[in-house]
DNA sequence: TCGCGCGTTTGATCGCGGTCAAGGAGACCT
DNA sequence: AGGTCTCCTTGACCGCGATCAAACGCGCGA
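Residue numbers (the working numbering), protein chains in the order written: chain A, 1126 to 1356; chain B, 1126 to 1356.
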């Protein structure tokens, strides 16, 4: 069965430059002579940008299958993609090559377009999270998202990856690192979460976690990954 | 000379349902049998959604030439497009018709895709505004945006439309209406802004306004409307 | 002209989350 | 083992913006 990632990978493969990354490695999003398209293949990445006279912002979390097109990122000086996972893989394509491919294969054009639309929707949803929810609810929203994306059922509950440092989380949720730490401690105390090794968390009861974020149902609909597969 | 709006309007025209709107009139974004595409023709619109147990959020401001595709809006119960200007015009198209058109005309597919990418970038930028700036800076950012979009030079300074109520602004900037009122009063006191009739503001010195928002240069680059015209 | 209603303004007070600072827990190197 | 570096935790305090409440202004219809 083909998954979301394979669908785009096939046609791109002959034109892609493969890049493997280690944690915190950065790829520049500065304007290039040709527009560039990145395809996330493995691992989680963060798209980030500095704000003048302030801290960096994490503009979005990128998952395998996601596409990053330079034009769809605002022209912020110093924008970049940063690897969050220990090991990751990205493919880089020059946009003219992508265009040529899409002119040959309409289905590909449509898939790329749909993927970008979906990511735009995720961005908008994140907007609503930041704008409308309290600190506790924002953190819960992030945990729900990662649990849905990377979670695996075990006897102890749902185990999921947490490749983001406290600072990363803070930059993503528009909080500050100390506050994030406090909120996570509080969630641990309530039994909503527990540590599971360096880079994983366990959620003993997903339902309880889900209830601490008003937008859970929408987040769930957006992060059921296979929604968008062509028939 | 063709502008951004005409470029998409031509091919869509025979398939579009024209809708003229009065202030505060709403168009539903609820999932339809077929996906839907709206093209903004005249006036300013807000895309909005309610947050469970909280106030509505304004997810974005839509300008003439903007496209709204259902798939690019997160599945929030009660999402809608609301007319902000006194009079406006929108075209509605069924997505299957748009797809068919794009299969015939590759340049159209590319233009639609680029427009949506650009709007995604604006969304991301707005994210950075909400997440990284203080209340005063956010309001300044909005004023800069509207001044660039709708402003006209006069003897008294740059006159621009302000079709948003205090409440709309608050919902857009993740502030509360009282705070917005206070901030705007403060800006008036400093001479950054002045009223110019019911629905317009004057900005005596755009440079001073620009300096009160750290992201002005990026906002300016994003809202120079004709950036994206095909050659 | 008056009365009504809605949006706005402004003051007083509160509380969430930011800031600053000290201390702790690992990872890694020598 | 000791040292150092980075990240995390926790406490004490502060300030921006939220909340509540009262008054104001303006449009609109009777």
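Glycine included, every Cβ here is placed at the ideal spot set by N, Cα and C.
Quick caveat, the model's predicted, so the values are computed rather than measured.
Pick out whichever of the options has its Cα sitting closest to the Cα of residue i.
{"i": "residue 1239/A", "options": "1129/B, 1272/B, 1212/B and 1196/B", "result": "1196/B"}
{"i": "residue 1202/A", "options": "1216/A, 1331/A and 1181/A", "result": "1181/A"}
{"i": "residue 1173/B", "options": "1188/B, 1165/B, 1161/B and 1152/B", "result": "1152/B"}
{"i": "residue 1175/A", "options": "1200/A, 1186/A and 1188/A", "result": "1200/A"}
{"i": "residue 1236/B", "options": "1224/A, 1302/A and 1212/A", "result": "1224/A"}
{"i": "residue 1212/B", "options": "1279/B, 1149/B, 1306/B and 1130/B", "result": "1149/B"}
{"i": "residue 1250/B", "options": "1128/B, 1342/B and 1317/B", "result": "1342/B"}
{"i": "residue 1187/A", "options": "1177/A, 1222/A and 1198/A", "result": "1198/A"}
{"i": "residue 1221/B", "options": "1133/B, 1318/B and 1159/B", "result": "1159/B"}
{"i": "residue 1322/A", "options": "1280/A, 1288/A and 1183/A", "result": "1288/A"}
{"i": "residue 1294/B", "options": "1226/B, 1142/B, 1171/B and 1144/B", "result": "1171/B"}
{"i": "residue 1132/A", "options": "1161/A, 1143/A and 1192/A", "result": "1192/A"}
{"i": "residue 1263/B", "options": "1280/B, 1312/B and 1142/B", "result": "1312/B"}
{"i": "residue 1346/B", "options": "1314/B, 1178/B and 1274/B", "result": "1274/B"}
{"i": "residue 1143/A", "options": "1128/A, 1267/A, 1129/A and 1165/A", "result": "1165/A"}
{"i": "residue 1141/A", "options": "1177/A, 1226/A, 1267/A and 1179/A", "result": "1226/A"}
Using a C-beta cutoff of 7 Å, does residue i count as contacting chain A?
{"i": "residue 1197/B", "result": "yes"}
{"i": "residue 1303/B", "result": "no"}
{"i": "residue 1238/B", "result": "yes"}
{"i": "residue 1182/B", "result": "yes"}
{"i": "residue 1219/B", "result": "no"}
{"i": "residue 1259/B", "result": "no"}
{"i": "residue 1201/B", "result": "yes"}
{"i": "residue 1115/B", "result": "For chain B, the structure presents residues 1126 to 1356; residue 1115/B sits outside this window and is missing."}
{"i": "residue 1263/B", "result": "no"}
{"i": "residue 1245/B", "result": "yes"}
{"i": "residue 1207/B", "result": "no"}
{"i": "residue 1325/B", "result": "no"}
Looking at residue i: is its Cβ nearer than 7 Å to the Cβ of residue j?
{"i": "residue 1194/B", "j": "residue 1234/A", "result": "no"}
{"i": "residue 1231/B", "j": "residue 1228/A", "result": "yes"}
{"i": "residue 1276/A", "j": "residue 1327/A", "result": "no"}
{"i": "residue 1217/B", "j": "residue 1163/B", "result": "yes"}
{"i": "residue 1272/A", "j": "residue 1285/A", "result": "yes"}
{"i": "residue 1136/A", "j": "residue 1167/A", "result": "no"}
{"i": "residue 1270/A", "j": "residue 1344/A", "result": "yes"}
{"i": "residue 1291/B", "j": "residue 1306/B", "result": "yes"}
{"i": "residue 1205/B", "j": "residue 1145/B", "result": "no"}
{"i": "residue 1210/A", "j": "residue 1169/A", "result": "yes"}
{"i": "residue 1318/A", "j": "residue 1333/A", "result": "no"}
{"i": "residue 1208/B", "j": "residue 1245/A", "result": "no"}
From the DSSP secondary-structure annotation, give me the bridge partner or partners of residue i.
{"i": "residue 1312/A", "result": "Answer is none; residue 1312/A lacks a bridge partner."}
{"i": "residue 1282/A", "result": "1279/A"}
{"i": "residue 1195/B", "result": "In the DSSP output, where bridge partners are listed per residue, residue 1195/B has none listed."}
{"i": "residue 1163/B", "result": "1193/B and 1217/B"}
{"i": "residue 1147/B", "result": "1212/B"}
{"i": "residue 1170/B", "result": "1187/B and 1208/B"}
{"i": "residue 1134/A", "result": "Note: residue 1134/A sits in no beta bridge, so no partner."}
{"i": "residue 1328/A", "result": "1283/A"}
{"i": "residue 1182/A", "result": "1174/A"}
{"i": "residue 1153/B", "result": "1205/B"}
{"i": "residue 1319/A", "result": "1327/A"}
{"i": "residue 1142/B", "result": "1217/B"}
Between residue i and chain B, is any beta-carbon pair separated by less than 7 Å?
{"i": "residue 1136/A", "result": "no"}
{"i": "residue 1336/A", "result": "no"}
{"i": "residue 1166/A", "result": "no"}
{"i": "residue 1129/A", "result": "no"}
{"i": "residue 1145/A", "result": "no"}
{"i": "residue 1228/A", "result": "yes"}
{"i": "residue 1157/A", "result": "no"}
{"i": "residue 1272/A", "result": "no"}
{"i": "residue 1267/A", "result": "no"}
{"i": "residue 1249/A", "result": "yes"}
{"i": "residue 1177/A", "result": "yes"}
{"i": "residue 1126/A", "result": "With a pLDDT of only 48 at residue 1126/A, under 50, the local geometry of the prediction cannot be trusted, and the value read off the model is given with reservation. No, residue 1126/A lies away from the interface with chain B (no Cβ there is under 7 Å from its Cβ)."}
{"i": "residue 1356/A", "result": "In this predicted model, residue 1356/A has a pLDDT of only 46, less than 50, meaning its place in the structure is not dependable; the value taken from the coordinates is given anyway. No, no contact with chain B."}
Any heavy atom of the ligand SAH closer than 6 Å to the CB of residue i?
{"i": "residue 1173/B", "result": "Among the components modelled here there is no ligand, and therefore nothing to report on the ligand SAH."}
Counting Cβ pairs, one atom from each stretch, are 3 or more of them under 8 Å apart for the region 1291-1307 of chain A and the region 1245-1264 of chain A?
Counting Cβ pairs under 8 Å, three or more are found: they touch.
How about the region 1257-1272 of chain B and the region 1332-1343 of chain B: do they share at least three Cβ pairs that are nearer than 8 Å?
The answer is yes - the region 1332-1343 of chain B touches the region 1257-1272 of chain B, with three or more Cβ pairs under 8 Å.
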